[in-house]
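What follows is a set of notes on a single structure, which appears directly below.
Following this line, the structure appears as structure tokens:
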């Protein structure tokens with residue numbers, strides 16, 4: 006039989022209401038700290054599990070947050086899911102995951118029973134009509150600045166990568182990307198790359214794969230090398246794009262980094278085990294997730310506060326795929 010608040014009240018000798026206030030962390034109610042701790046200890050000892058449905062009904066809150074982002078089958082988004090889940094768990098909230106797809110129409114989960122939404126890399130899809138009362142934070146590379154935003158400073162990360170390549174003697178640098186259904190320069194990494202090349206009076210050299218499939222990416226790299234020759238370096242828009250590039254370069258009979266340096270972007274945890282290990286601009290996903298959750302909860306508490314934004318600086322992690330200065 007499930008343990009109830011009345012069972013805990015009987016064990017601790019306090020009222021049902023006092024138990025409810027203590028377990029719901031109602032600090033506006035004057036309960037001695039020793040009593041709070043005694044109630045919490047008794048609840049833990051007795052194996053009490055709160056009735057989430059009843060709590061949601063009483064509070065008018067579901068304690069669920071929608072995470073709207075592309076599929077976590079991509080390791081980057083798998084890391085995002087884990088980071089957001091951990092940040093929400095600290096606040097005793099759950100994730101309601103809503104997958105997004107830029108290639109096909111995606112229903113907006115506006116009618117989900119959630120208290121707020123984290124829209125990660127789905128900014129363009131937020132242009133649809135949404136309930137004005139829905140607290141939302143827009144996160145990642147593709148954001149909607151009508152809402153609170155937190156994102157990696159992708160331009161700073163791109164400049165760090167290009168500076169490193171220049172310092173190691175690379176002058177001809179190509180940029181590898183896949184379309185993902187959006188124009189290339191919609192992404193801050195690609196736009197920053199193109200502007201930096203233009204600043205140097207160099208025509209931006211883009212290697213564009215039609216989709217993020219590894220075979221398509223490898224074929225695009227192979228075709229580019231066969232047609233134009235090997236660049237000094239390839240700056241990749243994402244780590245998952247860089248890995249097929251390493252294979253294509255090796256099959257072309259070229260060496261990394263002796264013939265071509267390669268830099269990825271994201272900082273996935275398995276890059277130490279690629280061949281060679283991949284230099285990458287690491288996005289601080291856990292930090293961004295924590296900030297996003299904190300700001301979303303502030304918005305949920307007061308939806309009238311001014312729209313807010315924050316840029317988080319990434320770091321370049323050097324491994325074997327680039328030369329040393």
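Residue numbers (this note's numbering): 6 to 330.
Where a beta carbon is used, it is the ideal one built from N, C-alpha and C, also for glycine.
Check                                                                                                               : Outcome
For residue 149, the first and last residue of its enclosing beta strand (DSSP E)                                   : First-last for residue 149: undefined, no H or E at that position.
Which of helix, strand or coil DSSP assigns to residue 252                                                          : helix
Cβ-based neighbour list, residue 192, same chain, cut-off 7 Å, excluding 5 preceding and 5 following                : 146, 242
Cβ-based burial, residue 286 [other Cβ within 10 Å; buried from 16]                                                 : buried
Selected residue, minimal CA-CA separation from residue 269, among 167, 200, 309                                    : 167
With 16 other Cβ atoms within 10 Å as the buried cut-off, status of residue 307                                     : exposed
Residues that residue 141 bridges to, as DSSP identifies them                                                       : 122
Touch test, the segment 11-23 against the segment 40-50, Cβ-Cβ under 8 Å, three pairs minimum                       : yes
Straight-line gap, residue 68 to residue 99 (C-alpha atoms, nearest Å)                                              : 6 Å
For residue 237, the nearest candidate out of 271, 207, 289, 174 (CA to CA)                                         : 174
Limits of the unbroken beta strand (DSSP E) element including residue 241                                           : 238-241
Nearest-angstrom Cα separation, counted from residue 201 out to residue 2                                           : Shown here, the chain extends from 6 to 330; a query on residue 2 therefore has no answer.
Alpha carbon of residue 78 to alpha carbon of residue 299, nearest angstrom                                         : 26 Å
Residue of 209, 127, 223 minimising C-alpha distance to residue 215                                                 : 223
Residue 62 versus residue 117 - alpha carbon distance                                                               : In this prediction, residue 62 scores a pLDDT of 47, lower than 50, which makes its location untrustworthy; no coordinate-derived value is stated.
DSSP-derived helix/strand/coil call for residue 206                                                                 : coil
Bridge partner(s) assigned by DSSP for residue 156                                                                  : 316
Beta strand (DSSP E) segment containing residue 180, residue limits                                                 : 178-183
Cα-Cα separation, residue 171 to residue 124                                                                        : 35 Å
Residue 29, buried or exposed, once every other Cβ within 10 Å from all chains shown has been counted against 16    : exposed
Other residues of its chain near residue 41: CB distance less than 6 Å, five sequence neighbours each side excluded : 27
C-beta contact flag for residue 140 and residue 121 at 7 Å                                                          : yes
Burial state of residue 137, where buried means 16 or more other Cβ atoms lie within 10 Å                           : exposed
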